[in-house]
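From first to last, the protein sequence lines are chains F and G. Per the numbering used here, the first sequence starts with residue 8, numbered consecutively. Per the numbering used here, the second sequence starts with residue 8, numbered consecutively. Glycine included, each C-beta is placed from N, C-alpha and C at the ideal position. Values in this document were obtained by computation on a predicted structure and should not be read as measured data.
Protein chains: 2
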Amino acid sequence: MANINDVSRLANVSKATVSRVLSGSRGVKEESRLAVMQAVEALQYKPSMIAQSLSTQSTGCIGVICAAENINQSTGYLHALEKELRLNQKYLLLRFATDAASLSHSVDEIGRGLCDAMIVIGARFALPALPDNVITIDCLDADSGRSIHFDRSFATETACQYVLQQGRRQIALINFENSDAAGQILQGYHLALEKFLLPYDRRLVHSGDQALTQLLAQNVPFNALLVPDDATAQDALRQLAQLGRNVPQAVMVFSLDSTLPPGASAIPAIAWPLETLAQRAMALLAGQFSANTGEPVRGQLSLPA
Amino acid sequence: MANINDVSRLANVSKATVSRVLSGSRGVKEESRLAVMQAVEALQYKPSMIAQSLSTQSTGCIGVICAAENINQSTGYLHALEKELRLNQKYLLLRFATDAASLSHSVDEIGRGLCDAMIVIGARFALPALPDNVITIDCLDADSGRSIHFDRSFATETACQYVLQQGRRQIALINFENSDAAGQILQGYHLALEKFLLPYDRRLVHSGDQALTQLLAQNVPFNALLVPDDATAQDALRQLAQLGRNVPQAVMVFSLDSTLPPGASAIPAIAWPLETLAQRAMALLAGQFSANTGEPVRGQLSLPA
DNA sequence: TTGTACGCGTTATCAA
DNA sequence: TTGATAACGCGTACAA
Numbered sequence: 008m009a010n011i012n013d014v015s016r017l018a019n020v021s022k023a024t025v026s027r028v029l030s031g032s033r034g035v036k037e038e039s040r041l042a043v044m045q046a047v048e049a050l051q052y053k054p055s056m057i058a059q060s061l062s063t064q065s066t067g068c069i070g071v072i073c074a075a076e077n078i079n080q081s082t083g084y085l086h087a088l089e090k091e092l093r094l095n096q097k098y099l100l101l102r103f104a105t106d107a108a109s110l111s112h113s114v115d116e117i118g119r120g121l122c123d124a125m126i127v128i129g130a131r132f133a134l135p136a137l138p139d140n141v142i143t144i145d146c147l148d149a150d151s152g153r154s155i156h157f158d159r160s161f162a163t164e165t166a167c168q169y170v171l172q173q174g175r176r177q178i179a180l181i182n183f184e185n186s187d188a189a190g191q192i193l194q195g196y197h198l199a200l201e202k203f204l205l206p207y208d209r210r211l212v213h214s215g216d217q218a219l220t221q222l223l224a225q226n227v228p229f230n231a232l233l234v235p236d237d238a239t240a241q242d243a244l245r246q247l248a249q250l251g252r253n254v255p256q257a258v259m260v261f262s263l264d265s266t267l268p269p270g271a272s273a274i275p276a277i278a279w280p281l282e283t284l285a286q287r288a289m290a291l292l293a294g295q296f297s298a299n300t301g302e303p304v305r306g307q308l309s310l311p312a
Numbered sequence: 008m009a010n011i012n013d014v015s016r017l018a019n020v021s022k023a024t025v026s027r028v029l030s031g032s033r034g035v036k037e038e039s040r041l042a043v044m045q046a047v048e049a050l051q052y053k054p055s056m057i058a059q060s061l062s063t064q065s066t067g068c069i070g071v072i073c074a075a076e077n078i079n080q081s082t083g084y085l086h087a088l089e090k091e092l093r094l095n096q097k098y099l100l101l102r103f104a105t106d107a108a109s110l111s112h113s114v115d116e117i118g119r120g121l122c123d124a125m126i127v128i129g130a131r132f133a134l135p136a137l138p139d140n141v142i143t144i145d146c147l148d149a150d151s152g153r154s155i156h157f158d159r160s161f162a163t164e165t166a167c168q169y170v171l172q173q174g175r176r177q178i179a180l181i182n183f184e185n186s187d188a189a190g191q192i193l194q195g196y197h198l199a200l201e202k203f204l205l206p207y208d209r210r211l212v213h214s215g216d217q218a219l220t221q222l223l224a225q226n227v228p229f230n231a232l233l234v235p236d237d238a239t240a241q242d243a244l245r246q247l248a249q250l251g252r253n254v255p256q257a258v259m260v261f262s263l264d265s266t267l268p269p270g271a272s273a274i275p276a277i278a279w280p281l282e283t284l285a286q287r288a289m290a291l292l293a294g295q296f297s298a299n300t301g302e303p304v305r306g307q308l309s310l311p312a
């Protein structure tokens, strides 16, 4: 592989001039510029990113650490982030983490020069102490300065409103287990009920692995079912089908967290605006922390095609 | 951030000795070794990966380019590959590509020193010319030396066998559009029918966007439906539900390509052995091309929980 | 407008 | 067993 010396030799100029031409700086005689371009073409010269990185002390790599429980949920993020990163001439280094320890390990490891910054996504566990160049998306943490949160309360309210519009007044809710997100969801649920003057029936609200089973055991009729994410939705759809309860005729299942593009979901859902999210992440990475109002991101109603 | 000079100074040894200690080489006096270790600890010194890369001419980064149409299908691969790469102290640089041009572009870009090698996954378009350090998984290409293929014929045969065991003798098939994979699927379908002495009814076989619509328009009864992947399966499930045809009672839908872990799929499917696949990819990357017999990978029957 | 020389942080070589 | 020094390939002050 040809290096900058080979090019400078062939073009009869110095390394510096070659570098100047390639970085598009002015103040280079057209003649030299041409000579350099020709030499570059002839030698098929491509600057080495490693050497560039050593010089500039920046690799252009952004570590993305997926800490979401159901990894299928993260594909949407990855796609959106990769697209946005590429637009900014940056690279996406992918990692998965399942707990605070593995997250810490990854941050240490790829932070040793390989990555300029990192993004942690969807962690449902308590976060360890993180360096300044790490931002979080939809994670369990209080530091809103470097983090992007979701407005799950609003999402749940929107969901309730939608199913009510569809004539469903008995809204069951399957929730996450005690976490910040769970609290928000419950809050949105309460708000919606109040707003529409509906009674709160605790027998319709459950959480945890056995949530649906518990719900069905109550023998309380319901014609809408809010679930916290797509994985839970799949599960619910399967169980309801086995019981012969038609979806959506008998029960309308609604997912409060879908990363599928609008229309791709088989059920109504709240979809998070992935492009916007990715752009906000970029802004945060660029150090524009001031632009981060800490305002949680609001999802959009997404209906099946 | 402290560098090797700071350490050598504090430990009263030369850079070379520090490097020796950290790379675990023998031939270092215990006394010096201790001094170095202490200095490292005191300064919280972590060697810079970039500088290491410049020296060794290798970053440890492996580019993974997802070229699959439905990106949700690729999450399984990503997870398996990341795990295996981490085991080998390597890093996963993620890219998406939609066609030959964008693939070429990515290969050029991240091949400029950033990545030691690359893996292309699931491309359904004709591949451009690729450097030696690129391997492919489930792509449209003939070069079996650096590529891993799937045995879709066997998968389809297995699928037919399963649905037949479940008492379904009218097996409809939705196929990819004319590609190598489509040919294999058709072959497996024919083989299974022959084996079980069933007649071939062309009205049961369709491909393309309107496949399911065409199939239903034929008005030929069927009680099993083979679809090429999970996305098509979702689509089929939705359409069948709208027509009031119960799944799996009336029609058993079977996905010929699921990357979900066994038991996670809502329908019976052929799942590819992701760990094995990742390991084979590592072997190929390690240059053990001889170990690649070109033998296509066989999937496993995966039933809903 | 151009070239020289040095810094980036590490590994490898070679002589001591 | 150790240290000085040369790569590795590029960016960039600074001088000309």
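Using a Cβ cut-off of 8 angstroms, pull out every chain F residue sitting near residue 186(G), in sequence order please.
Residue 186(G) does not reach chain F, its nearest Cβ partner there being about 23 angstroms away, counting only Cβ pairs nearer than 8 angstroms.
Just verifying my parser: in three-state terms, what is the DSSP assignment at residue 83(F)?
helix
So, is residue 97(F) buried or exposed, given that buried needs 16 or more other C-beta atoms within 10 angstroms?
Of the residues assessed, residue 97(F) falls on the buried side of the cut-off, its CB having 16 or more other CB atoms within 10 angstroms.
Closer than 9 angstroms between beta carbons: that is the criterion. Which residues of the segment 89–106 of chain G meet it against chain F?
89, 90, 93, 98, 99, 100, 101, 102 and 103
Between which residues of its own chain and residue 194(G) is the CB-CB distance below 6 angstroms, once the five residues before and five after are set aside?
160
Which of helix, strand or coil does DSSP assign to residue 118(F)?
helix
Using a C-beta to C-beta distance shorter than 8 angstroms, which residues of chain G count as neighbours of residue 50(F)?
The premise fails here: residue 50(F) is roughly 14 angstroms from chain G at the closest Cβ pair, so nothing lies under 8 angstroms.
How far does the beta strand (DSSP E) with residue 213(G) in it reach, from first residue to last?
From DSSP, the beta strand (DSSP E) with residue 213(G) extends over 212–214.
Do you know how far the Cα of residue 259(F) is from the Cα of residue 261(G)?
25 angstroms
For residue 79(F), would you say it is in contact with chain G, using Cβ-to-Cβ distances shorter than 8 angstroms as the test?
yes
Going by the CB atoms, is the gap between residue 75(G) and residue 107(G) shorter than 8 angstroms?
Not in contact: residue 107(G) and residue 75(G) (Cβ atoms no closer than 8 angstroms).
Give the straight-line distance between the Cα atoms of residue 199(F) and residue 169(G), rounded to the nearest whole angstrom.
Cα-Cα distance, rounded: 48 angstroms.
Put residue 52(F) into one of helix, strand or coil per three-state DSSP.
coil
Taking a cut of 8 angstroms between CB atoms, which residues from the segment 117–130 of chain F lie near chain G?
Closer than 8 angstroms at the C-beta level to chain G, one finds these residues of the segment 117–130 of chain F: 117, 119, 120 and 121.
Pull up the distance between the alpha-carbon of residue 84(F) and that of residue 281(F), whole angstroms please.
6 angstroms
If you run the structure through DSSP and keep just helix, strand and coil, what is residue 236(G)?
coil
Is it buried or exposed, residue 23(G), if we count other Cβ atoms within 10 angstroms and call 16 or more buried?
exposed
What would DSSP say about residue 7(G), mapped onto helix, strand or coil?
Residue 7(G) is absent from the structure shown; chain G starts at 8 and stops at 312.
Quick one: list the residues of chain G neighbouring residue 289(F), beta-carbon separation under 8 angstroms, in chain order.
Within 8 angstroms Cβ-Cβ: nothing; residue 289(F) doesn't reach chain G, min ~16 angstroms.
Say whether the segment 30–49 of chain G touches the segment 86–102 of chain G, bearing in mind that this needs 3 or more beta-carbon pairs closer than 8 angstroms, one atom from each stretch.
no
Classify residue 314(F) as helix, strand or coil using the three-state DSSP reduction.
The first residue shown for chain F is 8 and the last is 312, placing residue 314(F) beyond what the model contains.
With DSSP as the reference, please indicate the residues paired to residue 175(G) in a beta bridge.
DSSP lists no partner for residue 175(G).
Leaving out five residues before and five after residue 176(G) in sequence, what residues of the same chain have Cβ atoms less than 7 angstroms from its Cβ?
205
With 7 angstroms as the C-beta to C-beta threshold (strictly closer), list the residues of the segment 57–69 of chain G near chain F in chain order.
Going along the segment 57–69 of chain G in chain order, one finds 57, 58, 60, 61 and 66 with a Cβ nearer than 7 angstroms to chain F.
Strictly by DSSP, which residues pair up with residue 143(G)?
127(G) and 154(G)
Taking DSSP as the reference, what is the three-state secondary structure of residue 267(G)?
coil
Distance check for residue 32(F) and residue 243(G), CA to CA, integer angstroms please.
57 angstroms
Contact defined as beta carbons within less than 8 angstroms: I believe residue 128(F) pairs with residue 68(F). What is the distance between those atoms, to the nearest angstrom?
Not confirmed; about 16 angstroms, so no contact.
Are the C-beta of residue 241(F) and some C-beta of chain G separated by less than 8 angstroms?
yes
So, with DSSP's three-state summary, where would you put residue 274(F)?
Three-state result, residue 274(F): coil.
How would you call residue 2(F), buried or exposed, if buried means at least 16 neighbouring beta carbons within 10 angstroms?
As displayed, chain F neither begins before 8 nor continues past 312, which places residue 2(F) out of reach and without an answer.
Go ahead and label residue 25(F) buried or exposed: buried means 16 or more other beta carbons lie within 10 angstroms of its beta carbon, across all protein chains shown.
buried
Can you tell me whether DSSP reads residue 310(G) as helix, strand or coil?
DSSP places residue 310(G) in the coil class of the three-state scheme, outside both helix and strand.
In the structure shown, what three-state DSSP assignment does residue 100(F) receive?
Residue 100(F): strand per DSSP, three-state reduction.
Closer than 8 angstroms, CB to CB, is residue 55(F) near chain G or not?
yes
Please list, in chain order, the chain F residues whose beta carbon lies closer than 7 angstroms to that of residue 220(G).
None at all; the shortest Cβ gap to chain F is about 14 angstroms.
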